[in-house]
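Written out below as structure tokens is the structure these notes cover.
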Amino acid sequence: MDFEYAPAPESRSVVDIRPSYGLFVDGEFTDGHGEPFKTLNPADEEPLAEIACADAVDVDRAVAAARRAYERVWGPMPGRERAKYLYRIARIIQERSRELAVLESIDNGKPIRESRDVDVPLVAAHFFYYAGWADKLGHAGFGADPRPLGVAGQVIPWNFPLLMLAWKIAPALATGNTVVLKPAETTPLTALLFAEICQQAELPAGVVNIVTGAGETGRLLVGHDGIDKVAFTGSTEVGKEIARAVAGTRKRLTLELGGKAANIVFDDAPLDQAVEGVVNAIFFNQGHVCCAGSRLLVQESVADELLGRLKRRMATLRVGDPLDKNTDVGAINSAEQLAKIRELADSGESEGAERWAPPCDLPQRGFWFAPTVFTGVAQSHRIAREEIFGPVLSVLTFRTPDEAIEKANNTPYGLSAGVWTEKGSRILWAAERLRAGVVWANTFNKFDPASPFGGYKESGFGREGGRHGLEAYLDV
Amino acid sequence: MSERIGVRKTYKLYIGGAFPRSESGRSYVVNDAKGRFLANASQASRKDVRDAVVAARKAFGGWSSRTAYNRGQILYRIAEMLEGRRAQFVEELRAAGAAKPAAAAEVDAAIDRWVWYAGWADKIGAVAGNANPVSGPFFNLSTPEPSGVVGIVAPDSALLGLVSVVAPAIVTGNTAVVVASEPAPLPAITLAEVLATSDLPGGVVNLLTGRRAELAPWLASHMDVNGIDLAGAPDDAVTDLEKAAADNLKRVLRPGVADWSAEPGVERMTAFLETKTVWHPVGV
Chain A
1 MDFEYAPAPE
11 SRSVVDIRPS
21 YGLFVDGEFT
31 DGHGEPFKTL
41 NPADEEPLAE
51 IACADAVDVD
61 RAVAAARRAY
71 ERVWGPMPGR
81 ERAKYLYRIA
91 RIIQERSREL
101 AVLESIDNGK
111 PIRESRDVDV
121 PLVAAHFFYY
131 AGWADKLGHA
141 GFGADPRPLG
151 VAGQVIPWNF
161 PLLMLAWKIA
171 PALATGNTVV
181 LKPAETTPLT
191 ALLFAEICQQ
201 AELPAGVVNI
211 VTGAGETGRL
221 LVGHDGIDKV
231 AFTGSTEVGK
241 EIARAVAGTR
251 KRLTLELGGK
261 AANIVFDDAP
271 LDQAVEGVVN
281 AIFFNQGHVC
291 CAGSRLLVQE
301 SVADELLGRL
311 KRRMATLRVG
321 DPLDKNTDVG
331 AINSAEQLAK
341 IRELADSGES
351 EGAERWAPPC
361 DLPQRGFWFA
371 PTVFTGVAQS
381 HRIAREEIFG
391 PVLSVLTFRT
401 PDEAIEKANN
411 TPYGLSAGVW
421 TEKGSRILWA
431 AERLRAGVVW
441 ANTFNKFDPA
451 SPFGGYKESG
461 FGREGGRHGL
471 EAYLDV
Chain B
1 MSERIGVRKT
11 YKLYIGGAFP
21 RSESGRSYVV
31 NDAKGRFLAN
41 ASQASRKDVR
51 DAVVAARKAF
61 GGWSSRTAYN
71 RGQILYRIAE
81 MLEGRRAQFV
91 EELRAAGAAK
101 PAAAAEVDAA
111 IDRWVWYAGW
121 ADKIGAVAGN
131 ANPVSGPFFN
141 LSTPEPSGVV
151 GIVAPDSALL
161 GLVSVVAPAI
171 VTGNTAVVVA
181 SEPAPLPAIT
191 LAEVLATSDL
201 PGGVVNLLTG
211 RRAELAPWLA
221 SHMDVNGIDL
231 AGAPDDAVTD
241 LEKAAADNLK
251 RVLRPGVADW
261 SAEPGVERMT
271 AFLETKTVWH
281 PVGV
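Taken in order, these protein sequences are the chains called A and B. Counted the way the UniProt record's numbering counts, the first sequence spans residues 1 to 476. Counted the way the UniProt record's numbering counts, the second sequence spans residues 1 to 284.
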């Protein structure tokens, strides 16, 4: 018997997208002086709104507003009062959660199931968590009265637009800093809705400033003399550029960059659980995840069995309308990203790996890429070394645990790793040896505001989340 | 009966637990405070930097997997060995220009600094780590781990400054390549003799003497170095060194300490620590 899914679309009526959006500077929406740009719905390529672009003058104004707010209002404000603003913001996010989730799925292309059940709840939780730190900083292990840095310039990516905003803004504000944040060019809408939330919360003007634009706006912000701190999440390539730009200045820097995580399945792993974990590791958020488990390392003796089950499971993934509640894999965020994924996947074939994707009808319009797995991958292949940032899994095999660790660590990245085995001592043994900032054992892609996240090696430095996440915004 | 002629020491480099001369065959004259000849110190080269990094990388796996207790004992052993050679270090610091009481005070402080950091070995994890109360059925633990190979441009404070930058880097399990004070390199090499007799595995600390301006850029740009401490980098070189360090995103500790005698905080340790967070489901 064949059960068909009926479409179950989430209603768009909950969001009200304006035809155009300005910059959010000093508590108000204002025009930008750069050339405005359009943000698209990646699921149908329809323009959603026109977005102002911040030029040097605008960035200047935003930094000045943040400085004023830092010196006059936010810096001197007692932590317990700052906390109340953050709690307010957390509550409004919860109140407007469906609106935020739908808007995020429309602008980003991610399935509503994820924006509704993962992104937005984590956003609210993040503000709630850091709100509680604001009046307890003296107990965080950074001295009796740790001081904020001042004005933070923050640049975030398009894969988790609102969640990355929360990871940046919540700890910065809790510790007494003010911020100028640049959302990604292709996903500015939830950040601009967040600006409205700041207004509803009556957050003092200038504490949060949002400047939209492309790479140039980011460069202007990062290079601005008036900021004390740079926080960036994005590619390792841009992270290195930023590290060079910050060299020799007084600015503090934290970077959360790319990854090529190994997900190791040992022969004694619970295979059904592991298959679910492998699917979640690489196909969550279309693989647009810096900590995605993009290299599956499977022990040779169970490789065939695991791959058989994995392919059967992949055939059940539903790719399509992000707003459909049944959708597992949504749209690729942009034409540019789709081209990059295609190019790397093609290199996998031309370098000799075997490509497989389940039969899957992709919509005619929009940016789509079917969940894909490569077997017979060698460590030298580009698909084993470069971050694809898409729903493409590279499978390698190993014979001994030592070989698994050796292969897992054979990358300049070090953001995350996965281990699947029923044997406790092997989990701890592997976790100890994996050079990665987050190790998920018998699970994957779990996030929590209380849990520090960040990389080793070229995946960046500094941690976001938890007590550790405070350090990035304190003068310690 | 003729007067006995003293046996002078040849000051060499310290790489991988051995004392080689610079592969370049170069040396430079080190004078005392009054301008009198003290010794020819080795003038290390780029190749020496690379050899030292290879030695440090080779030593990293073993040193970082020692128990914290064992690393603490070895650092304490260094303090013991230094105490035993106290008079020798006082003489070397006096030759470099310090008055006798100041030299004695600096040696005492250097010994005490090893003791202070030795005690941190099995405590930094408790201070920098955390059990994280995540909102789900998961065990979630963050622990600090060493970054790897750390390059150190040591400050001019020839003994106390040197110890104050080396001890925090290695106590947590990192291995180090150190460029000693350029004007006063001799106490660094004598300290290497202490390290070599303290059960510190070869390669954990590698000491180079020579021109900072020549050596520091190679250290900062080396792709197998994970972090760099710029404590002794000249002001006009810091920007370029930080830029070079960006090539592989080294953890950078900027210069800034003026007074090495003050009690240090944990910052020099945490600068070269990574935080690893491990998740595991709780349940059957």
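Even for Gly, the Cβ is constructed at its ideal location relative to N, Cα and C.
Cutoff 6 Å; reference residue i; Cβ partners in own chain excluding five residues on either side
{"i": "K182/A", "result": "V155, V211, T217, G218 and L221"}
{"i": "A184/B", "result": "A96 and A158"}
{"i": "A104/B", "result": "V90"}
Residue span of the beta strand (DSSP E) that contains residue i, given as start and end
{"i": "K182/A", "result": "T178 to K182"}
{"i": "D58/A", "result": "Counting along the chain, D58/A falls outside any beta strand (DSSP E), though it belongs to the alpha helix (DSSP H) covering A56 to A69."}
{"i": "L192/A", "result": "Not the beta strand (DSSP E): L192/A falls in the alpha helix (DSSP H), residues L189 to Q200."}
{"i": "G227/B", "result": "G227 to D229"}
{"i": "Y28/B", "result": "S27 to N31"}
{"i": "I210/A", "result": "V208 to I210"}
{"i": "T239/B", "result": "That residue, T239/B, is in no beta strand (DSSP E); its alpha helix (DSSP H) goes V238 to A245."}
{"i": "T197/B", "result": "Premise fails: T197/B is in no beta strand (DSSP E) and is neither H nor E."}
C-alpha gap between residue i and residue j, whole angstroms
{"i": "P264/B", "j": "R113/A", "result": "50 Å"}
{"i": "A245/B", "j": "W368/A", "result": "38 Å"}
{"i": "A441/A", "j": "G22/A", "result": "44 Å"}
{"i": "D32/B", "j": "N40/B", "result": "12 Å"}
{"i": "T175/A", "j": "P449/A", "result": "15 Å"}
{"i": "A176/B", "j": "K123/B", "result": "21 Å"}
{"i": "F160/A", "j": "M77/A", "result": "31 Å"}
{"i": "S27/B", "j": "V127/B", "result": "44 Å"}
{"i": "E83/B", "j": "G138/A", "result": "38 Å"}
{"i": "A18/B", "j": "P358/A", "result": "59 Å"}
{"i": "G414/A", "j": "T277/B", "result": "12 Å"}
{"i": "N206/B", "j": "L230/B", "result": "16 Å"}
{"i": "S147/B", "j": "N174/B", "result": "6 Å"}
{"i": "V102/A", "j": "R12/A", "result": "7 Å"}
{"i": "T172/B", "j": "S2/B", "result": "53 Å"}
{"i": "A214/A", "j": "A184/A", "result": "7 Å"}
{"i": "N177/A", "j": "V179/B", "result": "37 Å"}
{"i": "P412/A", "j": "G136/B", "result": "32 Å"}
{"i": "D119/A", "j": "V165/B", "result": "43 Å"}
{"i": "Y11/B", "j": "A233/B", "result": "23 Å"}
{"i": "G348/A", "j": "T372/A", "result": "11 Å"}
Which residues DSSP lists as bridging residue i, in chain order
{"i": "Y14/B", "result": "L207/B"}
{"i": "K276/B", "result": "T143/B"}
{"i": "residue 483/A", "result": "Summary: the structure shown does not reach residue 483/A, with chain A confined to residues 1 through 476, and so no result is reported for it."}
{"i": "A231/A", "result": "Q154/A and T254/A"}
{"i": "P9/A", "result": "D324/A"}
{"i": "F444/A", "result": "DSSP lists no partner for F444/A."}
{"i": "G460/A", "result": "E256/A"}
{"i": "P148/A", "result": "L474/A"}
{"i": "E28/A", "result": "V25/A"}
{"i": "F138/B", "result": "P281/B"}
Own chain partners of residue i with C-beta closer than 8 Å, once the 5 adjacent residues on each side are dropped
{"i": "Q286/A", "result": "G109, K110, V329, G330, A331, I332, N333, F369, G390 and P391"}
{"i": "V163/B", "result": "A110, R113, W114 and L191"}
{"i": "A353/A", "result": "F374, T375, G376, V377, A378, H381, I383 and S394"}
{"i": "P201/B", "result": "G17, A59, G62 and W63"}
{"i": "T397/A", "result": "L297, V298, Q299, E300 and A303"}
Limits of the alpha helix (DSSP H) - the one that residue i falls within
{"i": "S65/B", "result": "R46 to S65"}
{"i": "L253/B", "result": "No alpha helix (DSSP H) holds L253/B; the beta strand (DSSP E) holding it covers R251 to L253."}
{"i": "Y69/B", "result": "A68 to G84"}
{"i": "V107/B", "result": "K100 to W120"}
{"i": "E356/A", "result": "As written in the sequence, residue 356/A is Trp, which differs from the Glu given in the question. Counting along the chain, W356/A falls outside any alpha helix (DSSP H), though it belongs to the beta strand (DSSP E) covering E354 to W356."}
{"i": "A233/B", "result": "It is not in any alpha helix (DSSP H) - A233/B carries neither H nor E in the DSSP assignment."}
{"i": "F37/B", "result": "Here F37/B belongs to no alpha helix (DSSP H); instead the beta strand (DSSP E) covers F37 to S42."}
{"i": "L163/A", "result": "P161 to A174"}
Contacting residues, own chain, Cβ-Cβ under 7 Å from residue i (five flanking each side not counted)
{"i": "A431/A", "result": "V419, V439 and A441"}
{"i": "M223/B", "result": "D247 and N248"}
{"i": "A131/A", "result": "A83, L86, Y87, A90 and A174"}
{"i": "A98/B", "result": "E106"}
{"i": "R435/A", "result": "N409, G414, Y456 and K457"}
beta-carbon residue i near the ligand COA non-hydrogen atom, thresh 8 Å
{"i": "G32/A", "result": "The ligand COA is not among the ligands present in this structure, which contains no ligands whatsoever."}
For the segment 149-180 of chain B, which segments carrying the beta strand (DSSP E) assignment without a break, of at least 3 residues, lie completely within its bounds, in sequence order?
149-153 and 175-179
Identify every run of the alpha helix (DSSP H) within the segment 254-339 of chain A, keeping only runs that are complete inside it and at least 4 residues long; order them along the chain.
271-283 and 300-314
Mind listing, in chain order, the continuous beta strand (DSSP E) runs of no fewer than 3 residues lying wholly within the segment 371-432 of chain A?
372-375, 392-398 and 416-420, all fully within the segment 371-432 of chain A.
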